[in-house]
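Respectively, the protein sequence lines represent chains P and U.
So for the first sequence, this note's numbering puts the first residue at 23; every next one is plus one.
So for the second sequence, this note's numbering puts the first residue at 2; every next one is plus one.
We put the CB at the ideal spot given by N, CA and C, even for glycine.
Please read all numbers here as calculations on a predicted model, not as lab measurements.
Encoded as structure tokens, the structure appears first; notes follow it.
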Amino acid sequence: MRPMLAIEALDLSRVFHVRSGWLRTRRTETIAARGISFEVRSGELFGLLGPNGAGKTTTIKMLNTLLLPTSGTARVLGHDVVRDPMAVRRRIGYVFGGDRGLYDRLTALDNLRYFSELYGVDPREQRSRIAELLELVGLAGREKERVEGYSRGMRQRLHIARGLLNRPSVLFLDEPSIGVDPVAARDLRRTIAELADAGTTVLLTTHYMAEADELCDRIAVIAGGRIRASGTPAELKTRVRSRDVLELEVYGVDDTHVTRLRDLPSVRDIAVEERGQAQLVILQVDQGADPRRDALDVLDGLRVGRIVNREPTLEDAYVAIVEEAARSAAGSVRAPA
Amino acid sequence: MSEPRPYVERVGPYRFLRLMAIGVRTHVLYMSRSPLQLGEAVVTPVVFATLAFYLFRAGGQGDQLLQASVGAGLMGTWSSVLSGSGAAVQNQRWLGTMETLVAAPTPLVLTLLPITVSTALVGSYSMAATLLWGVVLFGVPLTFADPLIFVVALLVCLLALGVVGLLLASTFVFLRNANALANSLTYPIAMLSGMLVPISVLPEWTRPISWVLPTEWGTRAVTTAAGGGEVILPMVMAAVLGAVYVILALLALAHVQDRARRAATLSLV
Ligand SMILES: Nc1ncnc2c1ncn2[C@@H]1O[C@H](COP(=O)(O)OP(=O)(O)O)[C@@H](O)[C@H]1O
Ligand SMILES: [Mg+2]
Numbered sequence: 023m024r025p026m027l028a029i030e031a032l033d034l035s036r037v038f039h040v041r042s043g044w045l046r047t048r049r050t051e052t053i054a055a056r057g058i059s060f061e062v063r064s065g066e067l068f069g070l071l072g073p074n075g076a077g078k079t080t081t082i083k084m085l086n087t088l089l090l091p092t093s094g095t096a097r098v099l100g101h102d103v104v105r106d107p108m109a110v111r112r113r114i115g116y117v118f119g120g121d122r123g124l125y126d127r128l129t130a131l132d133n134l135r136y137f138s139e140l141y142g143v144d145p146r147e148q149r150s151r152i153a154e155l156l157e158l159v160g161l162a163g164r165e166k167e168r169v170e171g172y173s174r175g176m177r178q179r180l181h182i183a184r185g186l187l188n189r190p191s192v193l194f195l196d197e198p199s200i201g202v203d204p205v206a207a208r209d210l211r212r213t214i215a216e217l218a219d220a221g222t223t224v225l226l227t228t229h230y231m232a233e234a235d236e237l238c239d240r241i242a243v244i245a246g247g248r249i250r251a252s253g254t255p256a257e258l259k260t261r262v263r264s265r266d267v268l269e270l271e272v273y274g275v276d277d278t279h280v281t282r283l284r285d286l287p288s289v290r291d292i293a294v295e296e297r298g299q300a301q302l303v304i305l306q307v308d309q310g311a312d313p314r315r316d317a318l319d320v321l322d323g324l325r326v327g328r329i330v331n332r333e334p335t336l337e338d339a340y341v342a343i344v345e346e347a348a349r350s351a352a353g354s355v356r357a358p359a
Numbered sequence: 002m003s004e005p006r007p008y009v010e011r012v013g014p015y016r017f018l019r020l021m022a023i024g025v026r027t028h029v030l031y032m033s034r035s036p037l038q039l040g041e042a043v044v045t046p047v048v049f050a051t052l053a054f055y056l057f058r059a060g061g062q063g064d065q066l067l068q069a070s071v072g073a074g075l076m077g078t079w080s081s082v083l084s085g086s087g088a089a090v091q092n093q094r095w096l097g098t099m100e101t102l103v104a105a106p107t108p109l110v111l112t113l114l115p116i117t118v119s120t121a122l123v124g125s126y127s128m129a130a131t132l133l134w135g136v137v138l139f140g141v142p143l144t145f146a147d148p149l150i151f152v153v154a155l156l157v158c159l160l161a162l163g164v165v166g167l168l169l170a171s172t173f174v175f176l177r178n179a180n181a182l183a184n185s186l187t188y189p190i191a192m193l194s195g196m197l198v199p200i201s202v203l204p205e206w207t208r209p210i211s212w213v214l215p216t217e218w219g220t221r222a223v224t225t226a227a228g229g230g231e232v233i234l235p236m237v238m239a240a241v242l243g244a245v246y247v248i249l250a251l252l253a254l255a256h257v258q259d260r261a262r263r264a265a266t267l268s269l270v
């Protein structure tokens, strides 16, 4: 019988101890995960979304048996990740972003042959499985070239092929689109969607909002090692439904401007994105409020380009959740004084 | 939290042989494409052959030049095995493949064994090259007491080297600076195994350490097979100790893998 839940994480925590210095060693402690709980149903495409250092990779590595949790438990397809790692490993695939993790002086074919042996693919099936996967990721015809000559996007696709060799029921994808060009990223999203359609459970981490919005059935937003919000993309958007968004294109915004904008009475959250020479200042404001005049006062003396009023997106919901987490963390640090 | 269960997985002889064959093919191919390792493989034997020749001639032991040459060859092989398995394990970290190897449903020992065997294979080339340079540069005569026994002893010795390499490689999985440790162990173990100078010139108290090293018995088997003397006993001792080291490596790996998962040393960061 297929278990109903593909992934169950219950109160997972992980502490890293780092020793630095040689003669007088200093131990520093990082709490990367602080009580993470979530469930992923079989066949679901679940997104773990959060800024850098939020604890996404740590969470994934506890689930795919590479790291032991400091506390808490987790099961993948009903198998405990601590007590029964081999049972978990047989049924999962793990793909991480970036261009490492391959034997770059070997050809793609040699890489896949080696890994299909290690991942226990039936020898009689190996040849056809490899051909099928090369086709799936669009590397057919290039498999006899050495990986060192591959582009980032090609390496990433080879990684995916590697992760799928053993026909995993659960696939862990840790920021697969990192450093990949937009066209390759779009192809990657299509491949992921196809895998999910074919019944593979996918746990995807990303810090690209649009990617999560497009792909995921459900999302958990993680920041500071905790899950701050979870639900379908639509549910998360309702968190910012009582807001409007004002976008201003400005040249030369600095931190003091941002602080002053944040302090305006009707501004709930603020995000700044680089747009070439300019910055895009995104203000989430109370519905019906129009702080345009106040904002322009703050930005007095700077060149201001296009100003747009729009409906909130999932990205805005994400910014709101992460900012709130940052505020509560800052508050808890200051509190004891 | 519950205690981890040991990493049991049944691997039949067919799967074992396949894992070994494909693992060795992959890693020998990978090493053979490293310009650095190739350069080392060419230069090291010349250095060791020269060293052995002058050391032995200066010591007035000109009649033992072949043994000296063989010892020097072993030295090259050993340094290739040890720094090779240290570098190979560390290399998996650099490449980011360590995590993919550990996350595979294959017991880690069966993943590491082909890596050390590959370094021993690459290293056995060092033996041949050292002997060759001895002949070409210094006219060392290739008069083995019994060429057949020599080949058998050499194979046993290579296995002994590989097994010690495996035990050390298993600890490298846990150590972040694997190759630094490997480099610092190369010469002490070579000395204690009598590769460059006979262990009889070492202080008496080191004797028990030498006796528990399969590499010492392997070295003894190979050098006596070249020069004449008792070969069978050292070969048997090397094989028995080798088996013990495999068991130690298995135990170490099960333990080390969990420590690595606890201490997060599988990746570089
Ligand atoms: N092996 C490690 N040793 C020490 N600290 C680590 C290690 N891995 C991650 N961390 C720390 O844990 C936190 C969470 O990291 P990570 O899970 O990689 O975040 P994310 O994947 O969301 O960017 C960060 O502060 C990071 O520096
Ligand atoms: Mg990460």
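**Q.** Endpoints, alpha helix (DSSP H) assigned at tyrosine 116 of chain P
**A.** Segment 114 to 118 is the beta strand (DSSP E) holding tyrosine 116 of chain P; no alpha helix (DSSP H) there.
Q. Helix, strand or coil: which one does DSSP assign to histidine 39 of chain P?
A. strand
(Q) Tell me whether asparagine 74 of chain P, by its Cβ, gets closer than 7 Å to a heavy atom of ligand 1. (A) yes
Q: List the residues of chain P whose Cβ lies closer than 7 Å to the Cβ of valine 1 of chain U, in chain order.
A: Missing from the structure shown is residue 1 of chain U; chain U here goes from 2 to 270 and no further.
Q. What do you reckon, are the CB atoms on leucine 17 of chain P and glycine 69 of chain P nearer than 8 Å?
A. Nothing in the structure corresponds to residue 17 of chain P, since chain P is present only between 23 and 359.
Q | chain P within 8 Å of proline 5 of chain U, Cβ atoms only | A | Note on proline 5 of chain U: pLDDT 43, under 50, position unreliable in the model; the coordinate value appears next. So yes, proline 5 of chain U belongs to the interface.
Q) Could one say the Cβ of leucine 96 of chain U lies closer than 8 Å to chain P's Cβ atoms, at least one of them? A) yes
Q) Just to confirm, are glutamine 144 of chain U and leucine 67 of chain U a CB contact at a threshold of 8 Å? A) Sequence check: residue 144 of chain U is threonine here, not glutamine. Yes, the pair counts as a contact, with Cβ atoms nearer than the cut-off.
Q | Proximity of aspartate 308 of chain P and arginine 265 of chain P at Cβ, strictly below 8 Å | A | yes
Q | Closer than 7 Å at the beta carbon, the chain U residues around glutamate 30 of chain P | A | The premise fails here: glutamate 30 of chain P is roughly 15 Å from chain U at the closest Cβ pair, so nothing lies under 7 Å.
Q) Span of the alpha helix (DSSP H) holding tyrosine 273 of chain P? A) Unbroken run through tyrosine 273 of chain P is the beta strand (DSSP E), 265 to 273; no alpha helix (DSSP H).
Q: Compile a chain-ordered list of the residues in the segment 11 to 26 of chain U whose CB is closer than 7 Å to at least one CB of chain P.
A: Arg19, Leu20 and Ile23
Q: Check whether the Cβ of aspartate 121 of chain P lies closer than 7 Å to any heavy atom of ligand 2, and answer yes or no.
A: no
Q | Chain-ordered neighbours of glutamate 165 of chain P on chain U, where CB pairs are closer than 9 Å | A | None at all; the shortest Cβ gap to chain U is about 15 Å.
Q: Kindly indicate the opening and closing residues of the beta strand (DSSP E) around phenylalanine 60 of chain P.
A: 48 to 63
Q | Stretch pair the segment 105 to 113 of chain U + the segment 135 to 149 of chain P: three plus CB contacts closer than 8 Å | A | yes
Q: Decide if threonine 223 of chain P is buried, meaning its Cβ has at least 16 other Cβ atoms within 10 Å, or exposed.
A: buried
Q: With a 10 Å radius around its C-beta and 16 neighbouring C-beta atoms as the bar for buried, classify arginine 260 of chain U as buried or exposed.
A: exposed
(Q) Could you give the first and the last residue of the continuous beta strand (DSSP E) run that contains leucine 225 of chain P? (A) 223 to 228
**Q.** Complete alpha helix (DSSP H) runs within the segment 82 to 152 of chain U (minimum length 4 residues, chain order)
**A.** 99 to 103 and 109 to 139
Q. Name the DSSP beta bridge partners of valine 326 of chain P, please?
A. P/Val272
(Q) Suppose you measure from the CA of alanine 256 of chain P to the CA of arginine 149 of chain P; what does that come to, to the nearest Å? (A) 43 Å
**Q.** Segment limits, alpha helix (DSSP H) that includes alanine 42 of chain U
**A.** 36 to 59
Q) In the segment 126 to 142 of chain P, which residues sit with their C-beta less than 8 Å from some C-beta in chain U, listed in chain order? A) Asp126, Arg127, Leu128, Asp132, Arg135, Tyr136, Phe137, Glu139, Leu140, Tyr141 and Gly142
Q. Alanine 357 of chain P CB to nearest chain U CB: under 8 Å?
A. In this prediction, alanine 357 of chain P scores a pLDDT of 37, lower than 50, which makes its location untrustworthy; no coordinate-derived value is stated.
Q) Among P/Ala215, P/Asp196 and P/Val289, which has the Cα closest to the Cα of glycine 310 of chain P? A) P/Val289
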